[in-house]
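Peer 1: Structure in structure tokens, see below.
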Amino acid sequence: MLGGKKQTEPWKSTVKFIGRCPICNTEYKQESARFFAEQDSSHLVHITCDKCSSNFLAMVVFAGQGLSSVGMITDLSCEDAMRLHHRSAVSLDEVIECHEFLKNNLI
Ligand SMILES: [Zn+2]
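Under numbering that gives the first Met the number 0, the first residue of the sequence shown is numbered 0, with each subsequent residue one higher.
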């Protein structure tokens, strides 16, 4: 018997796996992590550090008995990450157009 303890959702193990803020080395709290997208066995998790307020975005993939993770520091809030997650990627043509725009001092 588990004594009434709820089973932890799998993505929450991400916080333990990542462990500490890469900026200030403070241990992440599970309450600071928010899950916002899932596809097949991969999950996207946003974590905000309680101490320095930096944001971390992690993709966690559950495979068999283990998990792997890749993450990055970001300036996106969780709301921004959720909003932009559904947008299409920037195309090569858009990058070239932006480059030409900046090159011609049109700003
Ligand atoms: Zn921090």
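Beta carbons: idealized from backbone N, C-alpha and C, even for Gly.
Less than 7 Å between the C-beta atoms of Ser53 and Ile22, yes or no?
Peer 2: In contact: Ser53 and Ile22 (Cβ atoms closer than 7 Å).
Peer 1: I'd like to confirm the pairing. Which residues does DSSP put opposite Gln38 in its beta bridges?
Peer 2: Per DSSP, Ser41.
Peer 1: From this set, Val60, Leu75, Ser76, which residue's C-alpha is nearest Val69's C-alpha?
Peer 2: For the residues Val60, Leu75, Ser76, the minimum Cα distance to Val69 belongs to Val60.
Peer 1: Residues in the same chain with beta-carbon distance under 6 Å from Thr73, minus the five sequence neighbours each way, listed in chain order, please.
Peer 2: Asn54, Leu56, listed in sequence order.
Peer 1: Could you tell me whether the Cβ atoms of His42 and Trp10 are closer together than 7 Å?
Peer 2: Contact flag set, yes.
Peer 1: Listed in chain order, which residues are found with a beta carbon closer than 7 Å to a heavy atom of ligand 2?
Peer 2: This structure does not include ligand 2; its bound ligands are ligand 1.
Peer 1: Out of Leu101, Cys20, Ala36, point me to the one whose CA is closest to Met50's CA.
Peer 2: First, the amino acid is wrong: residue 50 is Lys here, not Met. Of the candidates Leu101, Cys20, Ala36, the one whose C-alpha sits nearest the C-alpha of Lys50 is Cys20.
Peer 1: Taking only the alpha-carbon atoms, compute the straight-line gap between Ile95 and Val89 and give it to the nearest angstrom.
Peer 2: Cα-Cα distance, rounded: 11 Å.
Peer 1: Suppose the cutoff is 6 Å on Cβ atoms and the five residues either side in sequence are ignored; what does the same chain contact list for Val14 look like?
Peer 2: Within the same chain, Val14 has close Cβ partners Tyr27, Gln29, Ala32.
Peer 1: Can you tell me which of Asn24, Phe34, Glu8 puts its alpha carbon nearest to the alpha carbon of Cys77?
Peer 2: Comparing Cα-Cα distances from Cys77 to each of Asn24, Phe34, Glu8, the minimum goes to Phe34.
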